[in-house]
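For reference, the structure discussed in these notes is given below.
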Amino acid sequence: MLRFRFTLFAMARIGVVDLTLIALMIGKSGMSSPSATGSSMRRAMVARPCLLLLVLTAATVVVLGVHGEESPSSTGFISIDCGLPGKSSYVDSATKLPYVSDVGFTDAGSNRNISAEYINPSFTKRYLNVRSFPDAARSCYTIGSMAPGSKYIFRATFMYGNYDGLSKPPVFDLHLGVNFWQTVNITGPDVPLIAEVIAVVPADSVQVCLVNTGTGTPFISGLDVRPVKSTLYSQVNATQALVLLARRDYGPSGFAVIRYPDDPYDRTWFPWSDPEEWSEISTAEGMRPVVVGSRFEVPSAVMQTAIVPLLNASAKSIDFSWDAEPSHVYPDPGYICMLHFAELQRLDSNATRQFDVIVNGIAWYHAYTPMYLTSDTLYSNRLHHGSNSYNISLKATANSTLPPIVNAVEIFNVISIANVATDVQDVAAIMAIKANYQVKKDWMGDPCVPKALSWDGLSCSFAIFSPPRIESLNLSFSGLSGDVSFYFAKLKSLKYLDLSHNKLAGSIPDVLSQLPSLMVIDLTGNQLNGSIPPGLLKRIQDGSLSLRYGNNPNLCSNSDSCQSAKKKSNSMLAVYIAVPVVVFVVVGTLALLFFFMRVKGSVEPGNNLNIKNRRFTYNEVKAMTKNFQLELGKGSFGKVYNGSLKDGTRVAVKLLSECSRQGVGEFLAEAETLTKIHHKNIVSLIGYCKDGGHMALVYEYMSGGTLEHKLRGSDDGSTGSLTWKQRLRIALDSAQGLEYLHKSCTKRLIHRDVKTSNILLNDNLEAKIADFGLLKAFHRDEDTHVSRTRVVGTLGYFAPEYVEAQRLTEKCDVYSFGVVLLEVITGKPAILECPEATNITMWVLQRLNQQNIEDVVDPRIQDDYDVNVAWKAADIALKCTERAPEQRPTMTDVVTQLQECLMLEDGGGGRDAI
Numbered sequence: 001m002l003r004f005r006f007t008l009f010a011m012a013r014i015g016v017v018d019l020t021l022i023a024l025m026i027g028k029s030g031m032s033s034p035s036a037t038g039s040s041m042r043r044a045m046v047a048r049p050c051l052l053l054l055v056l057t058a059a060t061v062v063v064l065g066v067h068g069e070e071s072p073s074s075t076g077f078i079s080i081d082c083g084l085p086g087k088s089s090y091v092d093s094a095t096k097l098p099y100v101s102d103v104g105f106t107d108a109g110s111n112r113n114i115s116a117e118y119i120n121p122s123f124t125k126r127y128l129n130v131r132s133f134p135d136a137a138r139s140c141y142t143i144g145s146m147a148p149g150s151k152y153i154f155r156a157t158f159m160y161g162n163y164d165g166l167s168k169p170p171v172f173d174l175h176l177g178v179n180f181w182q183t184v185n186i187t188g189p190d191v192p193l194i195a196e197v198i199a200v201v202p203a204d205s206v207q208v209c210l211v212n213t214g215t216g217t218p219f220i221s222g223l224d225v226r227p228v229k230s231t232l233y234s235q236v237n238a239t240q241a242l243v244l245l246a247r248r249d250y251g252p253s254g255f256a257v258i259r260y261p262d263d264p265y266d267r268t269w270f271p272w273s274d275p276e277e278w279s280e281i282s283t284a285e286g287m288r289p290v291v292v293g294s295r296f297e298v299p300s301a302v303m304q305t306a307i308v309p310l311l312n313a314s315a316k317s318i319d320f321s322w323d324a325e326p327s328h329v330y331p332d333p334g335y336i337c338m339l340h341f342a343e344l345q346r347l348d349s350n351a352t353r354q355f356d357v358i359v360n361g362i363a364w365y366h367a368y369t370p371m372y373l374t375s376d377t378l379y380s381n382r383l384h385h386g387s388n389s390y391n392i393s394l395k396a397t398a399n400s401t402l403p404p405i406v407n408a409v410e411i412f413n414v415i416s417i418a419n420v421a422t423d424v425q426d427v428a429a430i431m432a433i434k435a436n437y438q439v440k441k442d443w444m445g446d447p448c449v450p451k452a453l454s455w456d457g458l459s460c461s462f463a464i465f466s467p468p469r470i471e472s473l474n475l476s477f478s479g480l481s482g483d484v485s486f487y488f489a490k491l492k493s494l495k496y497l498d499l500s501h502n503k504l505a506g507s508i509p510d511v512l513s514q515l516p517s518l519m520v521i522d523l524t525g526n527q528l529n530g531s532i533p534p535g536l537l538k539r540i541q542d543g544s545l546s547l548r549y550g551n552n553p554n555l556c557s558n559s560d561s562c563q564s565a566k567k568k569s570n571s572m573l574a575v576y577i578a579v580p581v582v583v584f585v586v587v588g589t590l591a592l593l594f595f596f597m598r599v600k601g602s603v604e605p606g607n608n609l610n611i612k613n614r615r616f617t618y619n620e621v622k623a624m625t626k627n628f629q630l631e632l633g634k635g636s637f638g639k640v641y642n643g644s645l646k647d648g649t650r651v652a653v654k655l656l657s658e659c660s661r662q663g664v665g666e667f668l669a670e671a672e673t674l675t676k677i678h679h680k681n682i683v684s685l686i687g688y689c690k691d692g693g694h695m696a697l698v699y700e701y702m703s704g705g706t707l708e709h710k711l712r713g714s715d716d717g718s719t720g721s722l723t724w725k726q727r728l729r730i731a732l733d734s735a736q737g738l739e740y741l742h743k744s745c746t747k748r749l750i751h752r753d754v755k756t757s758n759i760l761l762n763d764n765l766e767a768k769i770a771d772f773g774l775l776k777a778f779h780r781d782e783d784t785h786v787s788r789t790r791v792v793g794t795l796g797y798f799a800p801e802y803v804e805a806q807r808l809t810e811k812c813d814v815y816s817f818g819v820v821l822l823e824v825i826t827g828k829p830a831i832l833e834c835p836e837a838t839n840i841t842m843w844v845l846q847r848l849n850q851q852n853i854e855d856v857v858d859p860r861i862q863d864d865y866d867v868n869v870a871w872k873a874a875d876i877a878l879k880c881t882e883r884a885p886e887q888r889p890t891m892t893d894v895v896t897q898l899q900e901c902l903m904l905e906d907g908g909g910g911r912d913a914i
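Residue numbers for the sequence shown follow my numbering, so the first one is 1 and each next one is one higher.
Here it is, written out as structure tokens:
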């Protein structure tokens, strides 16, 4: 019985290497004979023993090449010598295929030469140099001009050659696009490794990426791409690819690797022969396929040779086996086997060659008879997996007068390529942005996938049935210069765009207003000029967009003041005419104002409010509230009543109490401020009343009540508990409202009284920030805090620095929001009695120190939440309540983190994520 073994470890090191190189390797090995069995054969044998027999018996070492006839078309072939200097190229002596340098396929890494001690004049050129990638987690080659939906062979070659002088061969991962291909395990400086995969490409370009796994610097020697007919290898489809484990050509009379042009697809058929174990048979006759349009199209040169057991062999069978090679991605790999047969001898009428094919003791095919000079293939579509090793046995049947035969075999490891790359338009846009600004970031491979390798400064949304989309882009402090690229407007799912603190010039493109999901643009600290375009102004006014543009000296926020000098003065004549008229009107207006002021005696405190909203009389307020019939709530300022306008619109009326600690100035400040704030997460002011000593503010009615009431409910249990996702959404809405106050107003605002009772809900549980009586403003962009102010607000929500040093900053609101978020998570108030009074932050920390998030999350949610998301939300809240303000995040950071929580809870990367 013939028995030999080959492993993935062995095959990966043989493949398509130059045969003189292999001969040199064999000469150094001095390993045991091919008949050896056991673990020494599994690991030590790297095909050298059998090859040694070939080298010793062969008169010459031959690579089958061009035979004089016209070569098959090599259209679509891409052959890259990685690390070849400059834009040089050459023609391979064996295949006559042109090889080019990798310039133009990657912009990362550096060229290196292998150590002189490993150079041999007979090496193919591609093994003399490498491209090394020491500085990135992922480094990629981009191959363009692909046919989407077509099959290709991708072949990467590696030879370490101690190019870095470290004598430490690395281990790293290889990805095809966003999908794991295989782990590259370099076992020695002079041992080449080949990685080959057959896959369908989804787009007109594909990336081959080397991923640093922390066990050495990735490098590569060469990369080949070969198009394959769609009818070949039917197991390959849009979600499944085949990684080559072994491709063997049995029984050649010489030491010859068969590839292009004998194989028009440049597959590599490696010779496998041992005269001491089997007989070799061959023919010079041409082969025909068993059917037109064969699924494999094995070259005639491969099928013209075969092996059979020796006549004196004790068993009429051929056995061969391989070991499973698990990886960190595929702990139980699955394999597909293809056995290629052709009868090469014209048999007598009374002769029969018939055999069974058995895999691991189970019959796979019964009583197979190969056909004369006809290429046929037995193959599996069902995966072989679940075993540490696999044995294929070709065993003659009882009716057979001749032993089994085999001409060639291919064995593949099956991998999934179902991971979906980032949306094609998003990729094109971000690549154009990268090229336009020469972005100096580790931006290689797909922007979003795999998540662990997503680009720095970028976050994505993940849906189940659609590609990932880029939704947040942070290029602040990135040294960008020139205009704001219109390619940003190609990122159709973009929500947050931060281009702050760069050197961008020119005007703001109005095309950004067409991004439907865009919520925040930060252009602070650039050199932009002109005015804010009308499309963006409209979005700002309707509250759907927040634009930050401070520290742009030449940028005008008011379009009326940004007209060019030419438009302001069409002629000197117009100026001469206009000036006297304007002076006359101004003087006359001032005189009239002075007259009326003298008549009235004084101006009421509220009459100079720049309020565009409706002003109500006290009688109108009484009428809309039905004489203050239904009280909705109360606070230090007074009470809030239910009301209705004449058109039926429900409103909430805040009436200032005569004994309120909130003075007239604070009351009017709230009215003044709310007229300038327009955001979907800020409660809207409908009107106001300043009638003698009566003052009131009229707000939109929020039918869902306060967040405090919704979290705590009523004593009779009539109010249902909020779900986990509803809580996250409310927290996000509230954070977005605060972010608007901190970043998007002309004067940045501090709320000073963020708490659950000041967060209102509508019927859809959309949250809005309310109660702005304690609002404080930063008057200049460079202000960092407002100090020496009396402490106002609510116990339990005060930031430490505000109480201890009266130091008021935006981070005080962040602290208060952290308390609110803890209330949202736990359902408990800011101050707990357990049994002594303690703040909610300490209560949560005590439980999380025991690694028990279940004791923290509100039990009314009843485990209907993702534990990982709960940990993340608690972590956000605790960061917000850090004692040192500089250690707290900004509200923009909080918004981003809460969005990720919601994404994970929706299934975009939580429990089922890879």
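Even glycine gets a Cβ: it sits at the ideal position worked out from N, Cα and C. On a predicted model such as this, the values are computed, not experimentally measured, just so you know.
Scanning the stretch 354-432 from its first residue to its last, the whole beta strand (DSSP E) runs of 3-plus residues come out as 355-359, 362-368, 374-379, 389-396 and 408-416. The beta carbons of residue 213 and residue 173 sit about 6 Å from each other, so the pair counts as a contact at 8 Å. Here residue 128 has 113, 114 and 119 as same chain residues with Cβ atoms under 7 Å from its own Cβ, once five neighbours each way along the sequence are excluded. The shortest CA-to-CA distance from residue 261 to any of 288, 245, 239 and 298 is the one to 298. Residue 209: member of the beta strand (DSSP E) spanning 206-215, first to last residue. In the DSSP annotation of this structure, the continuous segment of the alpha helix (DSSP H) that includes residue 803 starts and ends at 800-805. Residue environment analysis places residue 438 among the exposed positions, since fewer than 16 neighbouring C-beta atoms fall within 10 angstroms of its C-beta. Apart from sequence neighbours up to five positions away, the residues of its chain that approach residue 259 with a beta-carbon distance below 6 Å are 266 and 268, ordered along the chain.
Here the stretch 356-367 does not lie against the stretch 417-432, with fewer than 3 beta-carbon pairs under 8 Å apart. With a cut-off of 8 Å on Cβ pairs, the stretch 734-753 is in contact with the stretch 803-821, counting three or more such pairs. Every beta strand (DSSP E) of 3 residues or more that sits fully in the stretch 446-504 is shown, in chain order, as 458-461, 469-474 and 496-498. Nearest Cα to residue 371 within the set 398, 390, 288 and 414: 288. Using a 10 angstroms sphere on the CB of residue 803, the tally of other CB atoms stays under 16, which defines it as exposed. Within the DSSP secondary-structure output, residue 693 pairs in no beta bridge.
Distance between residue 441 and residue 456, taken at the CA atoms: about 7 Å. For residue 134, the closest of 210, 147, 79 and 198 by C-alpha to C-alpha distance is 210. Taking 8 Å as the cut-off, the Cβ atoms of residue 898 and residue 731 count as close. About 6 Å separates the CB atoms of residue 704 and residue 763; that is less than 8 Å, so the two are in contact. Annotation for residue 227: the continuous beta strand (DSSP E) segment containing it runs 222-228. Within the same chain, 368, 394, 395, 396, 397, 400 and 404 come within 7 Å of residue 355 by CB-CB distance, once the 5 residues on both sides are set aside. Remark: C-beta atoms of residue 388 and residue 348 do not approach each other more closely than 8 Å. Taking 8 Å as the upper bound for CB-CB distance, residue 640 and residue 623 are not in contact here, some 17 Å apart. Counting the other CB atoms within 10 Å of its CB gives residue 513 a total of 16 or more, which places it among the buried residues. Between residue 384 and the set 413, 833 and 409, the nearest pair of CA atoms involves 413. Between residue 744 and residue 475 the beta-carbon gap is near 19 Å, outside 8 Å, which marks them as no contact. With respect to the 8 Å criterion, residue 461 and residue 485 are not classified as neighbours on the basis of their beta carbons.
Residue 82 sits in coil when the DSSP states are folded into three classes, being neither helix nor strand.
Within the DSSP secondary-structure output, residue 182 pairs in a beta bridge with 174. An exposed status is given to residue 506, since fewer than 16 other beta-carbon atoms sit within 10 Å of its beta-carbon. Contact between the stretch 860-872 and the stretch 406-423 is absent: fewer than 3 CB-CB pairs across the two stretches fall below 8 Å.
In this model, residue 742 and residue 749 are separated by some 5 Å (Cα to Cα). With a cutoff of 8 Å on beta-carbon distance, residue 215 and residue 290 are scored as not near each other. Collapsing the DSSP output to three states places residue 262 in coil. Spatial neighbours of residue 340 in its own chain (CB-CB distance under 8 Å, excluding positions within 5 residues in sequence) are listed in chain order as 296, 298, 302, 303, 375, 376, 377, 406, 407, 408, 409 and 410. With a 10 Å radius around the Cβ and a threshold of 16 neighbouring Cβ atoms, residue 250 comes out buried.
Counting along the chain, residue 340 sits inside the beta strand (DSSP E) bounded by residues 334-341.
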